[in-house]
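In our numbering, the protein residues as written are 3 to 500.
We put the CB at the ideal spot given by N, CA and C, even for glycine.
Right, one structure below, let's go through it.
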Amino acid sequence: MRRLTRDRACHFVARMLAERVPPCSTLRRPLTSFASVDECLRDFVNHERSGVPRGAGTNTTDGFDLGRMHRLLKDFGDPHVAYTTVHVSGTKGKGTTLSVLASVLRSAGKRVGTYKSPHVYTVAERIRSSDEDASTEVLNLLNGVETEIKAAQKREDGQLSYFEVLTALAFAYFKKAKVDLALVEVGLGGSRDATNVLRPENLEAAVITHIGEEHLAALGGSIDTIVDAKAGIAHEGRPVFYAPNADDKITQMLRRALKQRGANIIDTVSADVRLFGYRVSTFGPSQEVDIDISVDGVLEARLEGVVIPLVGPHQRENVDLAVRVLWWLRGQGKIDVSLEDIRTGLESTRSPGNFEMFDVDGMSVIADGAHTKASAEMLVKTLGEIFPRRKVVFVVGMADDKDHKGFLEELYKSNPLAVICTQMQVAGGSSRTTPAKDLATALQGGHQNYDPPPEIVAEFDEALEVALAGAKDDPDAVVVVTGSLYTFRAMRNILEAQ
Numbered sequence: 003m004r005r006l007t008r009d010r011a012c013h014f015v016a017r018m019l020a021e022r023v024p025p026c027s028t029l030r031r032p033l034t035s036f037a038s039v040d041e042c043l044r045d046f047v048n049h050e051r052s053g054v055p056r057g058a059g060t061n062t063t064d065g066f067d068l069g070r071m072h073r074l075l076k077d078f079g080d081p082h083v084a085y086t087t088v089h090v091s092g093t094k095g096k097g098t099t100l101s102v103l104a105s106v107l108r109s110a111g112k113r114v115g116t117y118k119s120p121h122v123y124t125v126a127e128r129i130r131s132s133d134e135d136a137s138t139e140v141l142n143l144l145n146g147v148e149t150e151i152k153a154a155q156k157r158e159d160g161q162l163s164y165f166e167v168l169t170a171l172a173f174a175y176f177k178k179a180k181v182d183l184a185l186v187e188v189g190l191g192g193s194r195d196a197t198n199v200l201r202p203e204n205l206e207a208a209v210i211t212h213i214g215e216e217h218l219a220a221l222g223g224s225i226d227t228i229v230d231a232k233a234g235i236a237h238e239g240r241p242v243f244y245a246p247n248a249d250d251k252i253t254q255m256l257r258r259a260l261k262q263r264g265a266n267i268i269d270t271v272s273a274d275v276r277l278f279g280y281r282v283s284t285f286g287p288s289q290e291v292d293i294d295i296s297v298d299g300v301l302e303a304r305l306e307g308v309v310i311p312l313v314g315p316h317q318r319e320n321v322d323l324a325v326r327v328l329w330w331l332r333g334q335g336k337i338d339v340s341l342e343d344i345r346t347g348l349e350s351t352r353s354p355g356n357f358e359m360f361d362v363d364g365m366s367v368i369a370d371g372a373h374t375k376a377s378a379e380m381l382v383k384t385l386g387e388i389f390p391r392r393k394v395v396f397v398v399g400m401a402d403d404k405d406h407k408g409f410l411e412e413l414y415k416s417n418p419l420a421v422i423c424t425q426m427q428v429a430g431g432s433s434r435t436t437p438a439k440d441l442a443t444a445l446q447g448g449h450q451n452y453d454p455p456p457e458i459v460a461e462f463d464e465a466l467e468v469a470l471a472g473a474k475d476d477p478d479a480v481v482v483v484t485g486s487l488y489t490f491r492a493m494r495n496i497l498e499a500q
């Protein structure tokens, strides 16, 4: 990758902020690019940009109305009943777990549909088949159902959302692409998420990753209500897998919620993922692991020396969960996957936004989309595993609905050289942006003194420049850009302009 030239970076950021494409007032036909699809869906309710209403993810009268989604899918001919699915919810690790599942299944020759959110660069990342760009096909689908979408928007009194339309398009595309299996990531919570319209008979498995406190207001205000929302993707009699939480109380809450739904908790398969060591190359860091797969406590398979381009203890947990799901489905005759397929899939997994390393003016810069207290803790642990003796300069930008204080407190546990608070656009707008000053003052009012105190540099490109300058004072320093996938995106946009 070409190096970042700071003058060009400043010019590029200024140009990005200055250019605004006016939103279209209606769906226009024919649409000619996937970028125009994203633009023309701007008139639909977009909670990624505006924020999620209080209680919207709960099973209450405040919750999202899944009836809208059912009616829209009926307009499309109920495409989601044409294939089987694996449905993934959780607070952290959803996207990576889904990516591991997809990579292994593709290695086994399966045609796999994936639906993920949010996107890092373009909306086209959300809907894929066998990791192929589906932009043209989805574009044609949207042009073909323009009348249905307009009628649905009118019927729903303008309440049809951006995410609901994209979800319906994904389900329709998977039918057209004749996928062997669709992997579907929840957008928010689970119970009232637009993806939670999958029929039990089509559900191969529900998968629930690590659960923590995020989207508190939208999910009911407590860890109990968050757990209930995440468990909402499970169905009576259908298989469900979950990742154990560090806090066993949360794990027990989840098990109770799943049992109340009559779900079939699969805990007979284990995958012991052990760290052997790290490798750092020009392509970025990777970890070498050994994996023991057991059923009912009896070892069935062992993989040694698997080099995975996903780093940190949390990624080993995600691999553990994905391998358990794959091995169980294999044992049930649902999929034909070999040990070599698992190795190949793991070693070729990519998860954008997770601990990506860049060279900027000869310095190491890491960009990571961590945005919760728990993910900040994992980021610090990962830095400690890979760079145990290096000091860190953090550049942090966050959305307004996150735990700013908790996130920054975890970063300070690494004894950083500096913490620079900045700001960036969230989902293409500023309504959910946390001003750099507000982010920095989140630590005020406590009894602890944070040394060095957080710096405030509002413009992202300037914050990166300050961080690089500060890191050059210490030959062992590393710059880490974090706090949001949108911070990560801002970093990548600057680099890829070169």
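Pop quiz: residue i and residue j are said to be a contact at Cβ under 8 angstroms. What is the actual Cβ separation, rounded to whole angstroms?
| i | j | result |
| --- | --- | --- |
| A196 | I235 | Not a contact, Cβ separation roughly 12 angstroms. |
| R51 | G430 | 6 angstroms |
| S119 | E187 | 6 angstroms |
| F360 | L497 | 6 angstroms |
| P456 | V421 | 5 angstroms |
| S101 | T351 | 5 angstroms |
| P241 | I268 | 5 angstroms |
| V291 | I310 | 6 angstroms |
| N204 | G239 | Going by Cβ atoms, the distance from N204 to G239 rounds to 13 angstroms, so no, they are not a contact pair. |
Sort the options by Cα distance to residue i and report the nearest one.
| i | options | result |
| --- | --- | --- |
| R44 | F66, Q161 and A179 | Q161 |
| R263 | V229, T270, S296 and G279 | V229 |
| T98 | R157, E319 and V275 | E319 |
| A365 | G472, L348, S296 and Q317 | It is worth fixing the name first, because residue 365 is Met in this sequence and not Ala. Minimum Cα distance to M365 is reached at G472. |
| H89 | E148, L190, A136 and E387 | L190 |
| V321 | V297, L200, R276 and V181 | R276 |
| I252 | D274, N198, R494 and I225 | I225 |
| F396 | D370, L141, G286 and R258 | D370 |
| D363 | R391, V480, I388 and Y244 | V480 |
| F243 | D453, V459 and W330 | W330 |
| D77 | E139, G347, G146 and L470 | G146 |
| I295 | G286, L341 and Q334 | L341 |
| Y164 | F46, D476, D475 and G399 | F46 |
| G111 | L410, V199 and V181 | V181 |
| P354 | Y123, Y175 and R130 | Y123 |
Report all residues from its chain with a CB closer than 7 angstroms to the CB of residue i; omit the five preceding and five following residues, and keep chain order.
| i | result |
| --- | --- |
| S132 | R108, R113 and V114 |
| S432 | none |
| I344 | V106, L305, V325 and L328 |
| N417 | none |
| I213 | G92, T93, I228, V229, K232, N247, I252 and L256 |
| L221 | G59, T60, G191, T227, I228 and A231 |
Leaving out the 5 sequence neighbours to the left and right, which residues in its chain are closer than 6 angstroms to residue i when beta-carbon positions are compared?
| i | result |
| --- | --- |
| A372 | A378, L381 and T484 |
| P25 | Caution is warranted here: a pLDDT of 35 is assigned to P25, below 50, making its placement in the model unreliable, and the coordinate value is therefore given only provisionally. Excluding residues within five positions, the ones whose Cβ falls inside 6 angstroms are R44. |
| N61 | S193 |
| D298 | T270 |
| D67 | none |
| R434 | G53, A401, D402 and V428 |
| A492 | M426 and F462 |
| V482 | I368, V394 and F396 |
| A103 | Here the sequence assigns Leu to residue 103, which means Ala is not the residue at that position. Hits under 6 angstroms: L185 and A324. |
Could you give the first and the last residue of the continuous beta strand (DSSP E) run that contains residue i?
| i | result |
| --- | --- |
| Q262 | Here Q262 belongs to no beta strand (DSSP E); instead the alpha helix (DSSP H) covers D250 to Q262. |
| G307 | V300 to I310 |
| V276 | The residue you asked about is not Val; residue 276 is Arg in the sequence shown. R276 -> beta strand (DSSP E) spans V271 to S283. |
| M365 | M365 to A369 |
| D361 | E358 to V362 |
| A233 | Note, A233: premise wrong, no beta strand (DSSP E); not H, not E. |
Just to confirm, are residue i and residue j a CB contact at a threshold of 8 angstroms?
| i | j | result |
| --- | --- | --- |
| K407 | A444 | yes |
| D405 | K383 | no |
| G92 | K232 | yes |
| E158 | R70 | yes |
| T211 | G95 | yes |
Could you tell me the boundaries of the alpha helix (DSSP H) in which residue i lies?
| i | result |
| --- | --- |
| G347 | L341 to E349 |
| Y117 | Looking at the DSSP string, Y117 is not in any alpha helix (DSSP H); the run it does join, the beta strand (DSSP E), is V114 to Y117. |
| S2 | Outside the displayed range of the chain (3 to 500) lies residue 2, so it cannot be described from this structure. |
| P315 | P315 to G333 |
| G286 | Segment G286 to V297 is the beta strand (DSSP E) holding G286; no alpha helix (DSSP H) there. |
| H89 | Counting along the chain, H89 falls outside any alpha helix (DSSP H), though it belongs to the beta strand (DSSP E) covering T87 to S91. |
| V106 | K96 to S109 |
| I388 | K375 to I388 |
| E216 | Run containing E216: none; DSSP gives neither H nor E here. |
| F165 | Y164 to A179 |
Using a Cβ-Cβ cut-off of 8 angstroms (strictly less than) and excluding sequence neighbours within five positions of residue i, which residues of its own chain qualify?
| i | result |
| --- | --- |
| H217 | V54, G59, L190, G191, I228 and D403 |
| E206 | T86, T87, V88, L183, P241, L331 and K336 |
| M255 | I225, D226 and V229 |
| V300 | none |
| A460 | T424, Q425, P437, A438 and K439 |
| E127 | K118, H121 and P354 |
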